[in-house]
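Novice: What follows is a single structure, and I will ask about it in a moment.
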Amino acid sequence: MAKFTFNLTPRDVPPVSTDHRIIATKIPVPESLSLLEEIKLYESSNALEQLPVVWDRALNHQIFDEWGNAWIDFTSSIFVTNAGHANEETISRINECIAKPLMHSYYYPTRIRAQFLKKLLEMTPNYLEKAIVLSVGTEAAERAVKIARIFGENAMQGKNIIVGGDGNYHGKTLGAQMVGGQHGDKSWIGYTDPNMKHMPFPFPWVLEEFEGDGRELFQHHLGMLEADGVDLSNIAAFFVESFQGWGAVFYPVDYIMAMREWSRSNDTLLVFDEIQAGFGRTGKMFAYEHYGVEADLVICGKGISGSMPLSAVLGSATLIELDAGYTSTHGGNPVACAAGLGNLEAFENRDLIVESQRKGKIMRDIIYSWKEKYPSRIGRILGNGLLYGVFITKENSDELDSELTNYICERAMEKGVFSICTGRGTIKIGPPLTIPDDALIEGLKVYEECFDELF
Ligand SMILES: Cc1ncc(COP(=O)(O)O)c(C=O)c1O
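8 is the number of the first residue of the sequence shown in my numbering; add one for each residue after it.
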C-alpha cells in the first residue's frame, strides 16, 4: 500500500472555540506551509510524516500554534508529558538550575542528580536499588542489553542468549533494534546476532485460538525456541516491552507470571522496557506491575522527565554495579535531572497515579460505548489507565483499516484534537494524566463526530 501522507492543502473547516480547543484558520494553516517546506529542505522527508501542525507552545493538555489555534493533546508528546506540558514544578526546577547557572557537568557529581535519583528510587519499587542515568530511551535499552550480557558472562556456565519478543520495540540504535522484534526494519544491519532470539508475541487473538492458558502458551513458545536450536539453559535475559505500543496490547498476566517463575528458577533476568509504559500511564507507576511480578531491570525514558532528554536503567545494586563503563556525556545532565525532579514532584503533588486510574475509568466507559455504537467498525479495545488502543476495522471485518484511521486522525486535527497516528489501524489515546475531566470527555466526543462523518 502506498505511504499515507496527510493533506497539505489548506481547507476551510468549521471554526471551533471552547475552553480547550480553538480552530480559527484554514487547516493546515496556510502560513505554516512555508515552514513545513523549509523542514523538508533540511530534514529527511519523514520529518513530515506526522500531522501538519506546527507547535509553538504547549501547556498542560493543550498544544498551541502561532496562528491562534489550540488542540487538546491526546499524545502526551508520545508519552513524555504524562505530568502535563510545562508543569509548574518542572519549570521551577529547571529555572533554578539555569539561574545558578549550571547547564552541564558531564558525570562530575551534582546535587541535582543526587536529589533526582533519590526521589526516583523512593517512588519506584524497593527492590530497584540503583540507577544508571542516561539521555534517551534507546541508550537505556543498550545499557540494559550490556548488563544482561555481562550478567550472562558471569553466570556459572556462561549464558549468552537474550530473548526478545516479536514486534516489540526498544529503540533505533543497533543493540536495541537487535533485541527488538520489528524484524522488517532490520535489513540495514545486514546480519542477525545468533545470540539474540525472539519469541512470538502472545496476542489476545493468539491465546483465544490456542488450546491452553497463558502459562501453557509460554511453555509452548519456549518449546519453539528449543526447536529452533536454543539451549534454554543459555538464556541470560528476557526483554519484554510491557505492552506493545501500537495497540496498547498487554501480555496475558499468567504468561508473564510463568516467564517470571521460569526465569527465577533458571537464573535468567527479566527486563521490562517501560520507556513508553511507565510513569503512571497505565494507572500504576510501571505497567509491568499489572502482571504482579518483580522486574530485574527496568528501562525508563520519556515520562521520567516529562520534558528534557533523560532516561535510566533501574535494578538491584548488584546488577547496576555490573556496568563499570558507566559514563554518558549527556546522561544525567543537570537541567535534565532538574526536569526529572520537578516532574516527580508533580507526580506526588497531584497524585497522578491515582488520577490516571480515576480518569482512565471515565475514558474507558466512553471508549467502550463506541463499540456498541459502531459495532461494524470498532474491533478490539485494549489498554489500561489513561492509555487505550482502539482498533478500527474494515466494515464487519477483523482487518484493520489503517487508511481510514489516518483520516480519522486528520479529521480530529481539523476539529482541535491532536492524535497519535500509529499507521497500523489503531487510534492510540494517551492524554497527559493532568488533563481536566471536561477536556478529556470533550476530546473523546470529537472522535465520535469523526466516526459519524467517516464511517
Ligand atoms: C517501548 C519503547 N522503547 C524504546 C523507545 C526508544 O526511546 P527513544 O526514542 O527515546 O530512544 C521507545 C520510543 O518510542 C519506546 O516506545
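C-beta: ideal position from N, C-alpha, C; glycine also.
Evaluate the contact criterion for the stretch 163 to 178 versus the stretch 339 to 353: three or more CB pairs, one atom per stretch, below 8 Å.
Specialist: The answer is no - the stretch 339 to 353 does not touch the stretch 163 to 178, with fewer than three Cβ pairs under 8 Å.
Novice: Using DSSP's beta-bridge definition, name the partner residues of Met206.
Specialist: Per DSSP, Gly172.
Novice: Whole angstroms are fine: how far does the CA of Lys126 sit from the CA of Arg288?
Specialist: Cα to Cα, the separation comes out at about 19 Å.
Novice: What separation, rounded to the nearest whole angstrom, lies between the Cα atoms of Glu417 and Asn53?
Specialist: Rounded to whole angstroms, Glu417 to Asn53 spans 17 Å at the Cα level.
Novice: So does Gly332 have its beta carbon nearer than 7 Å to some heavy atom of ligand 1?
Specialist: No, ligand 1 has no heavy atom inside 7 Å of this Cβ.
Novice: When the Cα atoms are used, what is the spatial distance from Leu440 to Ile282?
Specialist: For Leu440 and Ile282, the distance between alpha carbons rounds to 16 Å.
Novice: In the DSSP output, which residue or residues are listed as bridge partners for Cys428?
Specialist: Paired residues: Ile434.
Novice: With DSSP run on the structure shown, which of helix, strand or coil describes His92?
Specialist: In this structure, His92 counts as strand in the three-state DSSP scheme.
Novice: Tell me whether Phe458 sits in a helix, a strand or coil according to DSSP, three-state version.
Specialist: Here Phe458 sits in helix by DSSP.
Novice: With a CB to CB cut of under 6 Å and the five nearest residues on each side skipped, what residues in its chain are close to Trp377?
Specialist: Taken in chain order, the residues that qualify are Ile385.
Novice: State the DSSP-derived secondary structure class of Val361, mapped to helix, strand or coil.
Specialist: DSSP places Val361 in helix when its eight states are reduced to three.
Novice: Exposed or buried, which one is Asn486 when buried takes at least 16 other CB atoms within 10 Å?
Specialist: Residue coverage of the chain in this structure runs from 8 to 462, which leaves residue 486 outside it and unanswerable.
Novice: Touch check for the stretch 384 to 403 and the stretch 37 to 48: three-plus C-beta pairs under 8 Å?
Specialist: Too few Cβ pairs lie closer than 8 Å, so no.
Novice: For Lys179, tell me which candidate among Gly191, Val170, Gly392, Phe245 has the shortest Cα-Cα distance.
Specialist: Nearest of Gly191, Val170, Gly392, Phe245 to Lys179, Cα basis: Gly191.
Novice: Have a look at Ala148 and Thr32 and give me their C-alpha separation to the nearest angstrom.
Specialist: Each residue's alpha carbon lies about 42 Å from the other.
Novice: Thinking C-beta only, is Ser142 closer than 8 Å to His297?
Specialist: Not a contact, by the Cβ cut-off of 8 Å.
Novice: Could you tell me whether the Cβ atoms of Asn340 and Gly313 are closer together than 8 Å?
Specialist: It is not a contact, given that the beta carbons lie outside the stated cut-off.
Novice: Please give the ranges of any beta strand (DSSP E) in the stretch 263 to 345, keeping only runs that are unbroken, at least 3 residues long and fully inside the region.
Specialist: 276 to 280, 304 to 307, 318 to 322, all fully within the stretch 263 to 345.
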